[in-house]
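In my numbering, the protein residues as written are 468 to 724.
Just below is one structure, and these are the notes that go with it.
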Ligand SMILES: NC(=O)c1ccc[n+]([C@@H]2O[C@H](COP(=O)([O-])OP(=O)(O)OC[C@H]3O[C@@H](n4cnc5c(N)ncnc54)[C@H](O)[C@@H]3O)[C@@H](O)[C@H]2O)c1
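Pasting the structure below:
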């Protein structure tokens, strides 16, 4: 038996239709969990759900836009049923816009907060209420970004929202610990996901510089850290943010010149 055994656990991966959400869902299923996929794109969610079922686990696909709190409430209730009882919730939904603070428009500023911060309250609160109602411990893990820990020139709206998410993680961890609920974040550098590959190719996101290329992570690298954090191996880890960036941000900047 693997030491990272999730046999019989119920998991929900929010934004699990592609990229690091899909990679995480498959890793959790390989560790034994029954994994339900929630995504705004039902077709993507159904495809990943079939991959999970092919591994011999229970799954299900739920379509919802997590930026709407009422949609999240019913989606978490549906995931509780479809998974046979939730123990784990992972929320990876997010995305960056690119504009300097001097010229970012109000709409972009609002959208980055909606897509990267607000729904974490909706998902986290619904999951926590569900666990408290069922008198069951739970593990919540979210995906932030190094842009929320350091300056993030030309995508300050995204960075500010992700910084807010890291604060949310610490407060939720503190408030929900008495209920047996742990809350942590994984903080990626740059990750080779289908969305990023498409954005780099289209030029809508700056292509990583040569110094970054050997630091790029694969979606599974993020999924690995998430799998640890939601497992019993991390049962005393809460309120934490683990950077997964190949050590990119640990370097003294002078060393990069
Ligand atoms: N890719 C990177 O280089 C990188 C780096 C740092 C942080 N991140 C963060 O990692 C996370 C995942 O990135 P990714 O590249 O795998 O993302 P992605 O866009 O490829 O996947 C996200 C999934 O979420 C779904 N989704 C988007 N909006 C939704 C909504 N409102 N409701 C429900 N589902 C929705 C999409 O349909 C998609 O299937 C994001 O939070 C992102 O900010 C990414």
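Cβ atoms here follow ideal geometry from the backbone N, Cα and C, with glycine treated the same way.
Shown here, residue 708 sits in a strand according to DSSP, grouped into three states. Annotation for residue 528: no alpha helix (DSSP H) segment contains it, though the beta strand (DSSP E) segment containing it runs 526-530.
Residue 546 and residue 598 have their alpha carbons spaced roughly 12 Å apart. Shown here, residue 622 sits in a strand according to DSSP, grouped into three states. For residue 638 against residue 581, the beta-carbon gap comes to about 20 Å, at or over 8 Å, which does not count as contact.
Here DSSP, grouped into helix, strand and coil, assigns residue 679 to helix. Annotation: residue 471 is outside any beta strand (DSSP E) and is labelled neither H nor E by DSSP.
Taking C-beta atoms under 8 Å as the contact rule, residue 594 and residue 646 fail to qualify, at a distance of about 11 Å. Beta-bridge annotation (DSSP): residue 686 is not paired with any residue. Between residue 549 and residue 480 a beta carbon distance of about 12 Å is seen, past the 8 Å cut, so the two are scored as non-contacting. DSSP, read as helix, strand or coil, puts residue 507 in coil. By the Cβ-count criterion, residue 678 is exposed, with fewer than 16 other Cβ atoms from all chains shown falling within 10 Å of its own Cβ. Relative to the Cα of residue 601, the nearest Cα in the group 608, 473, 553 and 692 belongs to 553. Counting the other CB atoms within 10 Å of its CB gives residue 676 a total below 16, which places it among the exposed residues. At a cut-off of 6 Å, the beta-carbon of residue 591 does not count as near ligand 1: no heavy atom of the ligand is closer than that. About 6 Å separates the beta carbon of residue 617 from that of residue 716, a gap short enough to meet the 8 Å contact definition. In the three-state DSSP reduction, residue 697 falls in the helix class (H, G or I).
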